[in-house]
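Chains as they are written, first to last, in our numbering: chain A, 1 to 305; chain B, 306 to 458. In this text, a Cβ means the ideal position worked out from N, Cα and C, and glycines have one as well. These figures come from a predicted structure and were not determined experimentally. Remarks on the structure that follows.
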Amino acid sequence: MLKNKSIVSIDDVSESDISEIFSVSDRMLNALEAGKKLEMLNGKIMATLFYEPSTRTRLSFESSMHRLGGSVISVSDVKSSSVAKGETLADTIRMAESYSDVIVIRHPLEGAARLASKFSTKPVINAGDGSGQHPTQTLLDLYTMRKYFGKIDGLRIAMVGDLRYGRTVHSLLLALSNFDVEVTLISPQILKMPEHIRERLGKNIKVTSRENLDEKMDEFDVFYVTRIQKERFTDQNEYNSVIGLYSIDADTVGKMKKNAIIMHPLPRVDEIKPEVDYLPNAAYFKQAFYGIPVRMALLSMILGA
Amino acid sequence: METTLKVSKIKDGTVIDHVPAGKALRVVSILKIENNPDVSTTIAMRVQSEKLGKKDVIKVENKYLNRDDLDRISLVAPDATISIVSNYQIKEKFTVKLTKTIVGILKCPNQGCITNVKEPVNSEFSVVSERPLILRCFYCERNMTEKEVLSQL
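Written out as structure tokens, the structure is:
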């Protein structure tokens, strides 16, 4: 049961919660596709506090709340407002909880959403904390795999790119470790999946790692590609040495299984060429769209509608 | 094999027994007693122990331990036995117990953790494993190794 529960880490969501979220997401998707107007969160207010830039996550949370008949309050640039005046996050949260029914927060420091949930009597949803977790992205990633393949168990998944700083892959790998899947981590040495994530994996998951993308590509069902984030590098030469390592174009897709899908949390830069967008394997825009039914499901379950 | 500790009994104070061999000085450091002129400390290192093979023993005169001391000791010496001595008699004897959560004692080694900036919270760790010691930050969920724990005590 997710009623009044905060979702800070993917560990806050049990396996049975995940199946319930998926079935509610299916219902939301049907309602969206039927153009049905929903009013189940009429009178409810969601506060968004984004201390870091966001396009998809913020828009999809706000859109989801509006789609359910609720309303949204937000600070356009929270970093230059309360933080600039020296207010602690704890105080900002105490204020925000009295103005809203649910708080969605993105923050550059790890553990920020957990701290927020400690100071709020209203549920808090983590929309990304530093290089920590991004649980709602993980849920929509899992939902996307399930929509394409009908199940998650048995899938062979390649995670490609920046596995060190990308929080989406951290949360996703932790979540996948509860399924019977095989994951291959493909990254340059300097962007390897951190040990603190690998040591938390469950026993079911089989994980291997390598640096080369171009081998046995036809073995994977899912390619989860991430952007190599320029802003994370202090050494420009180091960035130049890894950028463009894993560029996916139509030729690369030709080496994949026919029904393999390419996922990406977006934004992409040049790791997936625009020509791939038109191939049936490109799942990333659909994946971004699934953020709406999944977040609608979460908001409706948390707010008890 | 019969063993006799070559240290005399104390009149009043605390005996910390079953400290892992070689960890006695760390325990003394945790208790911050090395510079206290009112506290006499006797340390026996690497003496025979049926339970541990080799062990350290610390006898601290005129000092009784508080909850915080015990929590810190349990991080270094999870099997330690504490005897409270009054007028040469053992008044109470118990084993330290690693608490499920360690609050306010340690600092999260993750520089990107919210607890390392000015926020009104204590650090908080759960025990993932006792041997080897692995703690997990309640906030950032990063694991902290025994080495990182010991470097702070």
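Whole-angstrom C-beta distance between residue j and residue i, which should lie under 8 Å
i        : j        : result
B:GLY318 : B:LYS364 : 7 Å
A:ASN42  : A:GLY86  : Actually they are not in contact, since the Cβ atoms of A:ASN42 and A:GLY86 sit about 37 Å apart, beyond 8 Å.
A:ILE10  : A:PRO135 : 5 Å
A:LEU163 : A:LYS192 : 6 Å
B:ILE410 : B:GLU397 : Wrong, their Cβ atoms sit about 23 Å apart, outside the cutoff.
B:TYR393 : A:LEU115 : 50 Å between Cβ atoms; not a contact.
A:TYR312 : A:THR144 : Not covered by the structure: residue 312 of chain A. The range shown for chain A is 1 to 305.
A:ARG106 : A:SER171 : Not a contact, Cβ separation roughly 13 Å.
A:THR88  : B:GLU424 : 5 Å
A:THR226 : A:GLY130 : Going by Cβ atoms, the distance from A:THR226 to A:GLY130 rounds to 16 Å, so no, they are not a contact pair.
A:GLU18  : A:LEU142 : A small correction: the amino acid at residue 18 of chain A is Ile; Glu does not occupy that position in the sequence shown. A:ILE18 to A:LEU142, Cβ: 7 Å. Contact.
A:VAL78  : A:LEU49  : 5 Å
One or two residues paired with residue i in a DSSP bridge
i        : result
B:LYS418 : In the sequence on display, residue 418 of chain B carries Cys and not Lys. Its beta-bridge partners are A:GLU110.
A:VAL269 : Looking at the DSSP assignment, A:VAL269 forms no beta bridge with any residue, so it has no partner.
A:ARG56  : Beta-bridge pairing links A:ARG56 to no other residue.
B:GLN353 : B:LYS359
B:CYS442 : B:PHE430
A:TYR224 : A:MET159, A:MET263
A:LYS206 : A:GLU182
A:GLY154 : DSSP output for A:GLY154 lists no bridge partner at all.
A:ALA31  : For A:ALA31, which the question treats as bridged, DSSP gives no partner whatsoever.
A:MET301 : In the DSSP output, where bridge partners are listed per residue, A:MET301 has none listed.
B:MET449 : B:LEU440
B:THR386 : B:ASP322, B:THR400
B:GLN394 : B:SER391
Per-residue burial, residue i [other beta carbons within 10 Å of its own, 16 or more giving buried]
i        : result
B:PHE399 : exposed
B:ARG436 : exposed
A:MET95  : exposed
B:GLU446 : buried
A:GLY254 : exposed
A:LEU279 : exposed
A:ILE157 : buried
A:LYS44  : buried
B:ALA382 : buried
B:THR406 : exposed
A:VAL276 : buried
A:ILE73  : exposed
A:MET28  : buried
B:ASP351 : Looking at the sequence provided, one finds Arg at residue 351 of chain B rather than Asp. Exposed, by the Cβ-count rule.
A:VAL306 : Residue 306 of chain A is absent from the model: chain A starts at 1 and stops at 305.
A:SER177 : buried
B:GLU429 : buried
A:GLU211 : exposed
A:GLU271 : buried
A:MET1   : exposed
A:ILE152 : buried
B:ARG372 : exposed
A:SER117 : buried
B:ILE395 : exposed
B:ILE338 : buried
Beta-carbon proximity of residue i to residue j, cut-off 9 Å
i        : j        : result
A:PRO204 : A:VAL169 : In the sequence as presented, Pro is not what sits at residue 204 of chain A; that position holds Asn. In this structure, A:VAL169 does not lie closer than 9 Å to A:ASN204 by Cβ.
A:LYS206 : A:VAL183 : yes
A:TYR224 : A:HIS196 : no
B:ASN421 : B:ASN427 : no
A:MET256 : A:ASP214 : no
A:VAL8   : A:GLN133 : yes
B:LEU336 : B:LYS368 : yes
A:ARG186 : A:SER209 : The question names Arg, yet the displayed sequence has Ile at residue 186 of chain A. Their beta carbons are under 9 Å apart, which means A:ILE186 touches A:SER209 by this criterion.
A:ALA113 : A:SER6   : yes
A:LEU155 : A:ARG295 : no
A:SER25  : A:ALA288 : no
B:GLU366 : B:SER334 : no
B:LEU403 : B:LEU455 : no
A:VAL104 : A:ALA90  : no
A:ASP249 : A:LYS286 : no
A:TYR165 : A:ARG232 : yes
B:ILE387 : B:VAL332 : no
B:LEU440 : B:ASN448 : yes
A:GLU39  : B:CYS418 : no
A:ALA283 : A:ILE21  : no
A:ASP221 : A:ILE261 : yes
A:SER82  : A:THR92  : yes
B:ALA385 : B:VAL401 : yes
A:ASN281 : A:ASN259 : yes
Query raised in the report: Is the segment 372-391 of chain B in contact with the segment 293-301 of chain A, if contact means three or more CB pairs nearer than 8 Å?
Result: Under the 8 Å Cβ criterion, the segment 372-391 of chain B does not count as touching the segment 293-301 of chain A, having fewer than three qualifying pairs.
Query raised in the report: Using 8 Å as the threshold, is the segment 323-338 of chain B in touch with the segment 46-66 of chain A, meaning 3 or more CB pairs across them?
Result: Inter-segment contact for the segment 323-338 of chain B and the segment 46-66 of chain A is absent: fewer than three beta-carbon pairs are separated by less than 8 Å.
Query raised in the report: Touching or not, the segment 92-108 of chain A and the segment 122-134 of chain A, by the rule of three or more beta carbon pairs under 8 Å?
Result: These segments touch.
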